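Encoded as structure tokens, the structure appears first; notes follow it.
Residue numbers (this note's numbering): 13 to 240.
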């Protein structure tokens, strides 16, 4: 014999309320679970405070969007794509850092466009920004005095205090005019030559020549001048 359970109107209303209560309870627990997950950190940003860097100077950066107090790795990438280890720093309580620089890390060579990258070791947030290591400048003038060509040269932005070798090339013949005394010292401001009135003399004729200056960190600049 089949048994049939009949619900009275009051029982049916109670059952509906019970189902509604269970549904609301499950929904509340689901929302609680999602709310309990830590919020994802805001997208990290990175700013290079000094985007144009002279040879011998360091890098200063600021950033936002990291986890509170987390350790952050920093590295730089050279113009030819080589990644170089830089430093570690810590974010503040609000996930930022400001005007960070590593005094032991300076840019001695490889002028061009570099990139600096930071990555949070907890949040895994990553940000990158470009900066320029500026190439030094070089100017020269030439004057013919009888059998001699007198060359005066100058430049800025060289590695501070560096010894630079100087030579002259005749583009027409490929002949190089240089000796062991053809060098100059950059000043503490990165200017060459350090000695006022320093000139280069060689036996030559009127015409166009090239002057090349090379620092000890393989920073080389050339320019042409006309001797007349």
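The beta carbon of each residue, even a glycine, is placed where N, CA and C say it ideally should be.
As the structure is a prediction and not an experimental result, all values here were calculated from the model.
Within the same chain, show all residues whose beta-carbon is closer than 6 Å to that of residue i, passing over the 5 residues directly before and after it, in chain order.
i           : result
residue 205 : 196
residue 238 : 220
residue 121 : 229, 230 and 231
residue 161 : 154, 214, 216 and 239
residue 151 : 166
residue 38  : Interpretation of residue 38 is limited by its pLDDT of 49, a score under 50 that renders its predicted location unreliable; no figure is taken from the coordinates.
residue 18  : No answer about residue 18 holds up, because its pLDDT of 45 lies below 50 and its placement is not dependable.
Report yes if the CB atom of residue i is closer than 8 Å to the CB atom of residue j, and no otherwise.
i           : j           : result
residue 180 : residue 232 : no
residue 75  : residue 130 : yes
residue 99  : residue 86  : yes
residue 72  : residue 139 : no
residue 70  : residue 110 : no
residue 212 : residue 156 : no
residue 178 : residue 225 : yes
Considering only residues of the same chain and omitting the five flanking positions on each side of residue i, which have a CB-CB separation below 7 Å?
i           : result
residue 227 : 170, 171, 174 and 176
residue 66  : 146, 169 and 202
residue 135 : 53, 78, 79 and 82
residue 210 : 196
residue 143 : 60, 63, 65, 71, 126 and 128
Looking at the secondary structure, which residues open and close the beta strand (DSSP E) in which residue i lies?
i           : result
residue 8   : This structure cannot settle anything about residue 8, because the visible part of the chain is limited to 13 through 240.
residue 212 : 211-215
residue 149 : That residue, residue 149, is in no beta strand (DSSP E); it is neither H nor E in DSSP.
residue 71  : 70-76
residue 234 : 232-239
residue 185 : Segment: none, residue 185 is in no beta strand (DSSP E) and carries neither H nor E.
Take residue i and list the residues in its own chain whose beta-carbon comes closer than 8 Å to its own, dropping the five residues that flank it on each side.
i           : result
residue 106 : 80
residue 119 : 65, 67, 68, 69, 70, 71, 126 and 145
residue 199 : 172, 173 and 206
residue 137 : 53, 55, 56, 77, 78, 79 and 131
residue 190 : 177, 178, 179 and 180
Notebook entry, point to check: What are the start and end residues of each continuous beta strand (DSSP E) run of 3 or more residues lying completely inside the segment 78-144, in chain order?
Noted result: 83-89, 95-102, 109-118 and 124-132
Notebook entry, point to check: With contact counted as at least three CB pairs below 8 Å, one residue from each stretch, are the segment 54-61 and the segment 90-97 in contact?
Noted result: no
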